[in-house]
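Q:
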Amino acid sequence: MIKRPISRRSLIKTAGAAGVGLAAPHVLIRNAHAFTNEPTGSTVTLGFNVPQTGPYADEGADELRAYELAVEHLNGGGDGGMLGTFSSKALKGNGILGKKVEYVTGDTQTKSDAARASAKSMIEKDGAVMITGGSSSGVAVAVQALCQEAGVIFMAGLTHSNDTTGKDKKANGFRHFFNSYMSGAALAPVLKNAYGTDRKAYHLTADYNWGYTTEEAVRSSTEAMGWETVEAVKTPLAQTDFSSYIAPVLQSDADVLVLNHYGGNMVNSLTNAVQFGLRDRVVNGKNFEIVVPLYSRLMAKGAGANVKGIFGSTNWHWSLEDEGSVAFVQSFGKKYGFPPSQAAHTCYVQALLYADAVERAGSFNPCAVVEALEGFEFDGLGNGPTLYRADDHQCFKDVLVVKGKENPTSEFDLLEIVEVTPVAQVTYPPDHPQFAGGQLGSCNPGT
Amino acid sequence: MDAIILQVLNGLDKGSAYALIALGLTLIFGTLGVVNFAHGALFMLGAFCAVTLNGILRLSSESIDPSRTDFLGNPLKVKTPYVESWFGPEIGGAMIEWSVPLAILFAIPIMAAVGVAIERGLIKFFYKRAHADQILVTFGLAIVLQEIIKYFYGANPIPTPAPDAFTGSFDFGMLLGFDPGVIIYPYWRLVYFAFAALIIGGVFAFLQYTTFGMVVRAGMADRETVGLLGINIDRRFTIMFAIAACVAGLAGVMYAPINSPNYHMGMDFLVLSFVVVVVGGMGSLPGAVAAGFLLGILESFASMAQVVSLLPGINQIIIYLVAIIILLTRPRGLLGRKGVMEG
């Protein structure tokens, strides 16, 4: 055996070659996956994270229908829905950047931990490049934070708390749905016209984040026009019978009851309030009135005839007659046999907005998508001219004030639009106190 | 004073529901020795009997009204309930309007059949198993029943109104010399309270004054000896399970107009009803009823704004707080028999 002496030069060469060899896979991987779940094949996977079980399962089912419709339209199927009315013409009905859109679904159960687990699974196991959906602000805030950490885009579903684009805002997260502040700002002038400026309001507020921000928004906007808040009582989220909370309203000298409740809470508290004859009362020489700041048609259905004549606000309604809304209602109605809910609308629009942003950016890279969505102005998606504000990733658009219909003509015809509040009236500065705290930060592409 | 009276009234109707569910739970525990976590689901099934009958009575024929359009712009399909076509708009309309009281008759055979099916098909295999096994299997059954209802009826609450004659409120204040409108109370909640009192009285009378009831009470006291006397106590206990299911079901039927039924409503009542049973004394029927009303009233008082401002969060824990105090000071509950669930 001949032993060759190792020269200093050959040692350096060998070490250099080994170093390059070891580093190569990392360099290649980094090039192959410049960001989390970069689609490399002919398809791209989106993750639809909606409540499929639990109390908001019906709303979740409607969101899922909307997403399936959006996927169909993005891939060139069906009648194209809002693709034809959307002001941006980047989408061609050939998927996203030529890749066929596929999707996976997760069940949020309307629980933050379950929602995070299902979103995590869709990102890590299924390779979802974007997560969207949900029917609760708690879930939206939790999943938004997860997506920020994971380096994927989060397009929020139904979430109304100020905090989603306030103190809990994240660079990778975007909200199309309106918020508590906007509800208060839109409702106040209508309430002033209908009930006057000399009113005493009693608030019943669901004891969680969304309830607090909604109470704060409605209180500040109604107090600004002269109303007095006589009492604000927190009610447990799990409360089903609100009689013991309604009874003290009778003893107070309030002449308006504001129910900062959503979902089953709203159905039960409104039903109980009507049962106790509040709407038949005359206090301070005025008819007693009830206000529900956030309305949903699906929830209004649960409250039945009790919603008649009661004011509230909503993000969108199927009876709107603009081109985009008509196209969406036709498309959805023909496929499923009933009109879409506001949850379905916002989810469908979010899916389209994400796909459009990717097309315009020419990349699925979350940072490119963020750049494409920030400050993006669009129209034709059902809410009039809309801005995705760069400062907080909140959409600014008209807000609908609605009222429970007195004589519905069908089971879907429960709410009537009383005013389309112009966007200028519901716009606020990014540093508004109700949205204070938290930083948007910078986008995270992951990997 | 008026606030106190109002909260007592509130507590009475809430306590009625607790008492009715707890009564059924105690009947099953006292006779079969089974801790039935599916009892809340039986309450929910009762409420959905009312929803179902309302739906059946609303089954309609469709005709086209070319003068109106639906949301897609197609001619509107106008629905006319069959009962209105068959019996005329007045009688047919009244049948739909009174669907909740009518659902009592509808629910009794259904709930009895469900009770027998559950007892014969599942529970009887767990008589000699540990209470933990019984709790697991009945809790599993409750979830299955919930999911079945959600599959057919969806997750949203379904409005099931009371007859028009019972909408509106009764002015108690006027009766007691207060100003008008100070103490008002919904008619249907008064009906609920009266109905609960009737059912509770009926169950007690049945157990106290019938031979069947006497045998059941004997079986509750000493099952083995009753069996040795040649009496088929198992068959009687099956019937008692069916009766308990009916009591829970009827409580649910009448509760439907108070809060729109949803698939989860049974779970909302279940835990509270178990606390009621424990506070009243496991196996004690009078204890279950007394504790139901007591805790219902306490819960109402704890929800008053003045109380909550003094003790924040008390409204959410009052029932459990009372349960802890009772269990520490009197482990067998208010009216519990010595030896039951002890040792």
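Keeping their order, the protein sequence lines are chains A and B.
Anchor point for the first sequence: position 54 equals 53 in numbering that gives the first Met the number 0, and the numbering is continuous, going up by one each time.
Anchor point for the second sequence: position 309 equals 308 in numbering that gives the first Met the number 0, and the numbering is continuous, going up by one each time.
All C-beta atoms in this analysis are idealised placements derived from N, C-alpha and C, irrespective of residue type, glycine included.
Everything numeric in this text was worked out from a predicted model, so none of it was measured.
Return the residue from the list I55(B), F171(B), D64(B), M281(B) that minimises the CA-CA distance to L101(B).
A: I55(B)
Q: Using a Cβ cut-off of 7 Å, pull out every chain A residue sitting near Q6(B), in sequence order please.
A: Here the neighbours are S243, A246.
Q: Are V49(A) and V70(A) closer than 7 Å when you measure CB to CB?
A: no
Q: When we look at the beta-carbon of P185(B) and count the other beta-carbons within 10 Å, is it buried (16 or more) or exposed?
A: buried
Q: Could you work out which residues of chain B lie near D57(A), taking near to mean beta carbons separated by less than 8 Å?
A: G153, A154, N155
Q: Which residues of the stretch 167-189 of chain B have a Cβ closer than 8 Å to any Cβ of chain A? Give them in chain order.
A: G167, S168, G180, V181, I182, I183, Y184, P185, W187, R188
Q: Restricting to runs no shorter than 3 residues, where is the beta strand (DSSP E) found entirely within the stretch 151-223 of chain B?
A: Complete beta strand (DSSP E) runs here, min 3: 168-170, 183-185.
Q: At a Cβ cut of 7 Å, what residues of the stretch 76-103 of chain B count as close to chain A, listed as they run along the chain?
A: none
Q: Could you give the DSSP three-state label for M129(A): helix, strand or coil?
A: strand
Q: Against chain A, with Cβ distances strictly below 7 Å, would K13(B) count as a contact?
A: yes
Q: Return no unless some Cβ of chain A is closer than 7 Å to the Cβ of D267(B).
A: yes
Q: Got a sec, what are the start and stop residues for the beta strand (DSSP E) F377(A) sits in?
A: 375-377
Q: Report the neighbours of F411(A) on chain B: residues whose CB is nearer than 9 Å to its CB, in chain order.
A: Contacts between F411(A) and chain B, judged by CB atoms closer than 9 Å, involve D69, F70 in chain order.
Q: Take P156(B) and list the residues in its own chain whose beta-carbon comes closer than 8 Å to its own, dropping the five residues that flank it on each side.
A: N258, S259, P260, N261
Q: How close, in whole Å, do the beta carbons of L269(A) and I245(A) come, if the pair is a contact with beta carbons under 8 Å?
A: So it is not a contact: roughly 10 Å between Cβ atoms.
Q: Measuring CB atoms only, is the stretch 256-271 of chain A touching the stretch 293-304 of chain A, in the sense that at least three cross pairs come out at less than 8 Å?
A: yes
Q: Measuring only between beta-carbons, confirm whether Q315(B) sits less than 7 Å from chain A.
A: yes
Q: Just the C-alpha distance for T224(B) and V214(B), rounded to the nearest angstrom, thanks.
A: 11 Å
Q: Quick one: give me the first and last residue of the alpha helix (DSSP H) that R119(B) is part of.
A: Note, R119(B): alpha helix (DSSP H), 98-120.
Q: Just how far apart, CA to CA, sit V291(A) and E230(A)?
A: Going by C-alpha positions, V291(A) is about 16 Å away from E230(A).
Q: Taking buried to mean at least 16 other C-beta atoms within 10 Å of its own C-beta, is T85(B) buried or exposed?
A: Here residue 85(B) is Trp; the residue named in the question, Thr, does not match the sequence. So W85(B) counts as exposed.
Q: Could you tell me which of V369(A), D78(A), V232(A), N36(A) sits nearest to A326(A), measuring between CA atoms?
A: Answer by Cα proximity: D78(A).
Q: So N53(B) is in the alpha helix (DSSP H); what residue range does that whole segment cover?
A: Segment 38-56, the alpha helix (DSSP H) holding N53(B).
Q: Kindly list, in the order they appear in chain B, the residues whose Cβ is closer than 7 Å to that of Q329(A).
A: L71
Q: When we look at the beta-carbon of K402(A) and count the other beta-carbons within 10 Å, is it buried (16 or more) or exposed?
A: buried
Q: Quick one, are the C-beta atoms of A109(A) and G53(A) less than 7 Å apart?
A: The displayed chain sequence assigns Thr, not Ala, to residue 109(A). Yes; because the gap between Cβ atoms is below 7 Å, this pair is in contact.
Q: Per DSSP, I289(A) forms a beta bridge with which residues?
A: L256(A)
Q: Which two residues bound the contiguous beta strand (DSSP E) that contains N48(A)?
A: 42-49
Q: Are M43(B) and A244(B) touching if we call contact CB-CB under 7 Å?
A: Their beta carbons are not under 7 Å apart, which means M43(B) does not touch A244(B) by this criterion.
Q: Three-state secondary structure (DSSP) at Y102(A)?
A: Residue state, collapsed to three classes: strand.
Q: With distance defined between alpha-carbon atoms, name the residue in G286(B), L294(B), I317(B) nearest to L333(B).
A: The shortest CA-to-CA distance from L333(B) to any of G286(B), L294(B), I317(B) is the one to G286(B).
Q: Who pairs with F310(A) in a beta bridge, going by DSSP?
A: As computed with DSSP, F310(A) is found in a beta bridge with V290(A), K402(A).
Q: Closer than 7 Å by beta-carbon distance: list the chain B residues that pair up with R280(A), in chain order.
A: G180
Q: At what residues does the alpha helix (DSSP H) containing I257(B) begin and finish?
A: Unbroken run through I257(B): none, as it is neither H nor E.
Q: My output table needs one value for C442(A): the three-state DSSP class, helix, strand or coil.
A: Secondary structure of C442(A) (DSSP, three-state): coil.
Q: Kindly say whether L297(A), judged by its beta-carbon, lies nearer than 7 Å to any beta-carbon of chain B.
A: At a cut-off of 7 Å, the C-beta of L297(A) has a neighbouring C-beta in chain B.
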